[in-house]
Amino acid sequence: MASPPPTTTAGAIEGGCDFLDAATLRSLLTPSALIPHLRSSLPSLSSAVQAPPRQSFSLDPSSSSSLLLMPSWSSDASLPFIGVKIVTSFPHNSVLRLPGVHAAYLLFRSSTGAPLASLDGTALTFLRTSAVSALAAAFLARDDSRVLVMAGAGPLAPYLIAAHRVVRPGLKRIIIWNRTPDKARILARDLQEQEARRENSGVIFEHAECLDEVVGLGDVVSCATRSENPIVKGKKLKPGAHLDLVGSFTPAMRECDDEALARGRVFVDFEVALEEAGELVGAFQRGVMAAEDVAGTLAELVGGAKVGRRSPEELTVFKSVGTAVVDLLAAQLAYDTYLQGSP
Numbered sequence: 007m008a009s010p011p012p013t014t015t016a017g018a019i020e021g022g023c024d025f026l027d028a029a030t031l032r033s034l035l036t037p038s039a040l041i042p043h044l045r046s047s048l049p050s051l052s053s054a055v056q057a058p059p060r061q062s063f064s065l066d067p068s069s070s071s072s073l074l075l076m077p078s079w080s081s082d083a084s085l086p087f088i089g090v091k092i093v094t095s096f097p098h099n100s101v102l103r104l105p106g107v108h109a110a111y112l113l114f115r116s117s118t119g120a121p122l123a124s125l126d127g128t129a130l131t132f133l134r135t136s137a138v139s140a141l142a143a144a145f146l147a148r149d150d151s152r153v154l155v156m157a158g159a160g161p162l163a164p165y166l167i168a169a170h171r172v173v174r175p176g177l178k179r180i181i182i183w184n185r186t187p188d189k190a191r192i193l194a195r196d197l198q199e200q201e202a203r204r205e206n207s208g209v210i211f212e213h214a215e216c217l218d219e220v221v222g223l224g225d226v227v228s229c230a231t232r233s234e235n236p237i238v239k240g241k242k243l244k245p246g247a248h249l250d251l252v253g254s255f256t257p258a259m260r261e262c263d264d265e266a267l268a269r270g271r272v273f274v275d276f277e278v279a280l281e282e283a284g285e286l287v288g289a290f291q292r293g294v295m296a297a298e299d300v301a302g303t304l305a306e307l308v309g310g311a312k313v314g315r316r317s318p319e320e321l322t323v324f325k326s327v328g329t330a331v332v333d334l335l336a337a338q339l340a341y342d343t344y345l346q347g348s349p
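Its first residue numbered 7, the sequence shown is counted upward by one per residue in my numbering.
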């Protein structure tokens, strides 16, 4: 982690700009810090944040590479910031053994427009995305959840697993699946080795080669893939399961089938998911459900306007596509905590 800033840090002076790298963000935005922050701030501040639809520009249609811009700003004095996230998506980077997504985040003072900080946008995205999923699970997953099935073994998966464990500490079995079995096996091995260094944990990490064979074991099923075809079949989910859908963010992407949505009570992170999430867009078009059937947003759920889980047998679904609103709230916590000089 970077050294805490001195009293006269450049970031505290209009026109200065600190850099918060990935390691610093991981220390500042732990799940135990970020989840409560979102829980307290989303109901009161989300309506004060302006977040235009993300702009996406195709850079090379032949490789599906793209540039995305996600700006946001607040009209509330307690959130005096402007933020912009710049994301590049190069899916074919996998053949180069490079990450497919890179991002940078810039934070400005809303009263003067002065730059305050540059944040590692990739780490910020992983941290806020996993915290949002876990916050929803705190209201939608069963309190006695014991088994987490993680579909996808990419860089977001460890963040999701860690965040879900914070809100559901009773999770004792983590099963990881990936289209490339070796990736799931390696991640399960690495997380088990990390777990061995913790006292009195008792959590078992394992991998599965067939998702259909294990998805029915999950009290919580979390998906973080770029799949364009359903990988989770609704008929396989057990009563009382909670399905967390994180991966898809375009109408062409889809991680679960229509039956999963029809069986479940569906919540979304923000209303934009009704236009961007392939699972929902497709279900609306096919008449499986209507937008009015969505039970509510995360802010409504957290603020008490909507009721979460209603019974042990109810199947719940949470679909997130991510917005600049939570980027700004997470950046606020990171920057303010950084200036205080303590994680």
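In this text, a Cβ means the ideal position worked out from N, Cα and C, and glycines have one as well.
With the rule of 3 Cβ pairs closer than 8 Å, the stretch 103–113 does not count as touching the stretch 307–323. Residue range 271–274 is occupied by the beta strand (DSSP E) that includes Phe273. For Glu212, the enclosing beta strand (DSSP E) has its first and last residue at 210–214.
Beta-bridge annotation (DSSP): Ser124 is paired with Phe25, Leu112. When DSSP states are grouped into helix, strand and coil, Asp333 belongs to the helix group.
Beyond the five residues adjoining it in sequence on each side, Gly240 comes within less than 6 Å, by CB distance, of Asp263, Glu265, Ala266, Arg269 in the same chain, given in chain order. CA-to-CA, the gap between Ser64 and Ser71 works out to about 6 Å. Taking a contact to require three or more Cβ pairs closer than 8 Å, the stretch 198–215 and the stretch 224–239 do not qualify as touching.
By a beta-carbon distance limit of 8 Å, Ala143 contacts His248. Their separation comes to about 6 Å.
Rounded to whole angstroms, the gap between the alpha carbons of Ser84 and Ser116 is 11 Å. In this structure, Ile181 is the residue among Val220, Ser233, Ile181 with its C-alpha nearest to the C-alpha of Ile210. Judged by DSSP in its simplified three-state form, Thr303 adopts strand. About 6 Å separates the beta carbon of Met76 from that of Asp333, a gap short enough to meet the 8 Å contact definition. Looking at the DSSP output, Gln56 bridges to Trp79.
The beta carbon of Ala140 is closer than 7 Å to those of Pro37, Ile41, Ala169, His170, Val172, Val173 in its chain, skipping five residues each way along the sequence. Its Cα nearest to that of Ala54, the residue Pro86 stands out among Pro86, Phe145, Asp275, Glu285.
Setting aside the 5 residues that flank it on each side, Pro97 is surrounded in the same chain by Ser69, Ser70, Ser71, Gly106, Arg232, each with a C-beta closer than 8 Å to its C-beta; the list follows chain order. Looking at the backbone, the Cα of Ser47 and that of Leu335 are separated by about 8 Å. Just so you know, the alpha carbons of Ala297 and Phe290 end up roughly 7 Å apart. Taken through DSSP and simplified to helix, strand or coil, Ser207 comes out as coil.
Residue ranges of uninterrupted alpha helix (DSSP H) with 4 or more members, entirely inside the stretch 136–207 and ordered along the chain, are 163–173, 187–202.
Considering only Gly288, Ala157, Ala147, Phe25, the residue with the shortest C-alpha distance to Leu122 is Phe25. In the three-state DSSP reduction, Val227 falls in the strand class (E or B). Distance from Leu166 to Leu31 at the Cβ level is roughly 16 Å; contact not present, criterion being Cβ atoms closer than 8 Å.
Contact check for Gln61 and Leu74: beta-carbon distance about 7 Å, within the 8 Å limit, so the pair qualifies.
Annotation for Ser38: the continuous alpha helix (DSSP H) segment containing it runs 37–51. Classified as exposed, Val313 has fewer than 16 neighbouring CB atoms from the shown chains inside 10 Å of its CB. As DSSP reads the structure, Gly89 sits in a beta bridge with Ser78, Leu113. Measuring C-alpha to C-alpha distances from Ala57 to each of Val252, Val278, Val274, Arg148 identifies Val278 as the nearest.
In chain order, Leu48, Pro49, Ser52 place their CB closer than 7 Å to the CB of Ala305, counting only its own chain and leaving out the 5 sequence neighbours on each side. Of the candidates Val238, Leu162, Gln346, Leu162 places its Cα closest to the Cα of Ala129. Per DSSP, the beta bridge partners of Gln61 are Leu75. Around the Cβ of Ala311, a 10 Å sphere holds fewer than 16 other Cβ atoms; the residue is exposed.
A distance below 8 Å separates the beta carbons of Glu212 and Ala194.
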